[in-house]
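Residue numbers (the working numbering), protein chains in the order written: chain G, 10 to 155; chain D, 10 to 155. Idealized CB from N, CA, C, for every residue including glycine. Encoded as structure tokens, the structure appears first; notes follow it.
2 protein chains.
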Amino acid sequence: MAAKRTDIHRCACTILRQAARVATQHFDRTLATSGLRISQLSVLTTLRYVGPKTINELAEIMVLDRTTLGRNLKPLEREGYLAVEAGEDDRRTKQLVLTKKGEKVAVKAMDSWSDAQTSFEQAIGLDNAIALSKLLRQVVKADYTK
Amino acid sequence: MAAKRTDIHRCACTILRQAARVATQHFDRTLATSGLRISQLSVLTTLRYVGPKTINELAEIMVLDRTTLGRNLKPLEREGYLAVEAGEDDRRTKQLVLTKKGEKVAVKAMDSWSDAQTSFEQAIGLDNAIALSKLLRQVVKADYTK
DNA sequence: GCATAATGAGCGTATATACGCATTTGTCAA
DNA sequence: TTGACAAATGCGTATATACGCTCATTATGC
């Protein structure tokens, strides 16, 4: 058992969530003209990069709960940015496929994303941005099961 | 105008959101027995630290949209962990006050929080955790208005 | 003192997040 | 073969997040 501590105002999770909120607002505002949020753009670009995948596979890749991804797909499917096709071999699965329309929207949105990313790096410093990304990847990959 | 870039798989915002999700799950699971989520514990402990505040004031302190905070208060108010009192001087405002019950729950939950924070630091390394917090504070404080 | 501007907060709406349970389909061993 | 188990997904529920609009109240300028 670890010693009890009281410096909860330095909670790693709370500051992480704060930073995620701030960054999300910055990126979403910059992306506003594209009609996509950063959360949606990340789905489309990941799908574009890895090719058609099932919900579970894409959720694993994106470090997202599968039920969360499933619900996040709704707006993208409604707008026709991706298609959900029944698996052929295994009829339990659903293949997620980026549509032409989805690819066009994603590629266009990347211009705004580029602006957002660049201004982010300018705001905190490029070296800091690089160091931050490295640390965040460790947070994502780490094992917390003690 | 910055040069167009295509390395969107290195999006600072997306990795930040991933890390926030992973950390939130770790903390929420560790806190589960307390009946509080880390987002809720952070409200109670902040209020405990800074004393009674209006919604706008607390939202500013916590780097939260004021409408988000307003809605997040509902479960805490329902459980009797905090009271929402009408402002005396300015009747537009609402004072948020931590109740005895809320303080008791928060203090108890801090034991679990301590475990979560410690195992987080062990999982990524203490030095990394310290460096990460410093960088995240910069993200929160930075000016992105170009 | 009153008309107007500014401020504090709520609500409508939409999306994001994830846990637990249920359903459908596939696999594998007796 | 069939019954048990496993896997993929959906759904109910609850919370988190924030933008735009509205309402009530306060502050301010003339």
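Exercise. Which residues does DSSP pair with Gln104 of chain D in a beta bridge?
Worked result: D:Thr63 and D:Glu94
Taking the alpha carbon of Gln131 of chain D as the reference point, which residue from G:Thr154, G:Ala118, G:Val52 and G:Gly96 has its own alpha carbon closest?
G:Thr154
*asked:* Does chain G have any CB closer than 9 Å to the CB of Glu130 of chain D?
replied: yes
If you count every other CB in all the chains shown that lies within 10 Å of the CB of His35 of chain G, and 16 or more means buried, which is it? buried
Pop quiz: Leu156 of chain G and Leu53 of chain G are said to be a contact at Cβ under 8 Å. What is the actual Cβ separation, rounded to whole angstroms? Since the displayed chain G opens at 10 and closes at 155, residue 156 of chain G lies outside it and no answer follows.
* Partner residues on chain D for Ile24 of chain G, Cβ-Cβ distance less than 8 Å -> Ser142, Leu145, Arg146 and Val149
*Option in D:Asp16, D:Arg101 and D:Ala29 with minimal Cα separation from Ile64 of chain D*: D:Arg101
- Please confirm if Arg80 of chain G has its CB atom under 9 Å from at least one CB of chain D. no
### Query
What residues from chain D crowd round Ser51 of chain G, counting only those whose CB sits closer than 7 Å?
Cys20 and Thr23
Once the 5 residues before and after Ala118 of chain D are set aside, which same chain residues still bring their CB inside 7 Å of it? Leu40, Ser43, Leu45 and Leu50
message: Under 9 Å, Cβ to Cβ, is there at least one residue of chain D near Ser43 of chain G?
response: no
Quiz prompt | is_contact[Gln104 of chain G, chain D] using C-beta, thresh 9 Å | solution = no
Rank D:Ser121, D:Asp152 and D:Asp120 by C-alpha distance to the C-alpha of Gly134 of chain G and give the top, closest one. D:Asp152
Practice problem: Measure the alpha-carbon distance for Val114 of chain D versus Glu88 of chain D and round it to whole angstroms. | Solution: 11 Å
- Task: In angstroms with no decimal places, state the Cα-to-Cα distance between Asn81 of chain D and Gln126 of chain D.
- Result: 23 Å
| query | If we cut at 9 Å on Cβ distances, does Leu73 of chain D have a partner in chain G? | reply | yes
Apply the 10 Å Cβ neighbour rule to Ile139 of chain G and answer buried if 16 or more other Cβ atoms are within range, or exposed otherwise.
exposed
My output table needs one value for Lys13 of chain D: the three-state DSSP class, helix, strand or coil. coil
Quiz item: Can you find a CB in chain D that lies within less than 9 Å of the CB of Ala95 of chain G?
Solution: no
Figure out for me which residue from G:Cys20, G:Ala21, G:Thr77 and G:Ala32 has the closest Cα to the Cα of Leu25 of chain D.
-> G:Ala32
Between which two residues does the alpha helix (DSSP H) containing Asp37 of chain G stretch?
Ala21 to Leu40
- Query: Is it the case that the Cβ atoms of Val72 of chain G and Arg38 of chain D are separated by a distance below 9 Å?
  - Reply: no
Please state whether DSSP places Thr55 of chain D in a helix, a strand or coil. helix
(message) Along the chain, where does the alpha helix (DSSP H) containing Thr127 of chain G start, and where does it finish?
(response) Lys109 to Ile133
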